[in-house]
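Q: First the structure, which I've put down as structure tokens, then a few questions once you've had a look.
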Amino acid sequence: MSATQATQQAQNTAIPRRVIGAVVATGIMSFCGVIVETAMNITFPALMSHFGIGTSSVQWMTTLYLLVVASITPLSAALKRRFRSRTLFLCANLLFLTGLVIDALAPVFPLLLLGRAI
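Each residue of the sequence shown is one higher than the last, beginning at 16 in my numbering.
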């Protein structure tokens with residue numbers, strides 16, 4: 016294979032910028048999810064003090080998150096069949112950001128739980 020043919024073949028198999036952008040955005044959002052989960056777990060003592068709640072109540076932060084993840088995981092295949100990937104991606108990101116804003120502004124623990132569930 017000549018150098019020209021190799022270059023032409025490499026150009027034909029190049030990954031589109033949209034795909035690279037989607038992969039990078041998905042990676043960033045996944046990283047944010049891990050950071051949020053880790054940050055929440057290490058802030059339990061501060062949450063207990065700030066909201067005046069006990070250990071059993073603050074544990075609902077993790078339990079609720081895991082219940083939502085466990086519910087969404089089996090539904091993802093059905094959602095993928097019914098909706099376009101772009102729509103699902105945008106909806107997931109908007110829900111994630113909405114949950115973050117609710118959590119950031121939550122004056123009471125139940126509202127913090129709601130933001131965590133979203």
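For glycine and all other residues, C-beta sits at the position ideal for the given N, C-alpha and C.
A quick note: this is a predicted structure, and the numbers were derived from the prediction, not measured.
Going by the CB atoms, is the gap between Leu62 and Ala132 shorter than 8 Å?
A: Contact flag unset, no.
Q: Between the C-alpha atoms of Arg33 and Gly42, what's the straight-line distance to the nearest angstrom?
A: Distance between the alpha carbons of Arg33 and Gly42: 14 Å.
Q: Please go through the same chain and pick out, in chain order, the residues whose beta-carbon is closer than 6 Å to the beta-carbon of Met76, but skip the five residues on each side of it.
A: Excluding sequence neighbours, Met76 sits near Met55, Arg131.
Q: Going by DSSP in three states, Arg131 sits in which element: helix, strand or coil?
A: The answer is helix: DSSP assigns Arg131 an H, G or I state.
Q: Taking only three categories from DSSP, how would you classify Ala37?
A: Three-state result, Ala37: helix.
Q: Assuming Met44 contacts Phe111 under a Cβ cut-off of 8 Å, what Cβ separation, rounded to an integer in Å, is found between them?
A: That belief holds up - the Cβ atoms of Met44 and Phe111 are roughly 7 Å apart, short of 8 Å.
Q: Quick test of your reading: Leu94 and Leu103, contact by CB under 8 Å. State the CB separation rounded to the nearest angstrom.
A: That belief holds up - the Cβ atoms of Leu94 and Leu103 are roughly 6 Å apart, short of 8 Å.
Q: Terminal residues of the continuous alpha helix (DSSP H) containing Arg99?
A: That residue, Arg99, is in no alpha helix (DSSP H); it is neither H nor E in DSSP.
Q: Please classify Val51: does DSSP put it in a helix, a strand, or coil?
A: Here Val51 sits in helix by DSSP.
Q: Taking Gly48 as the reference, give the member of Thr28, Val84, Ile117 with the closest Cα.
A: Checked all of Thr28, Val84, Ile117; the closest Cα to Gly48 is Val84.
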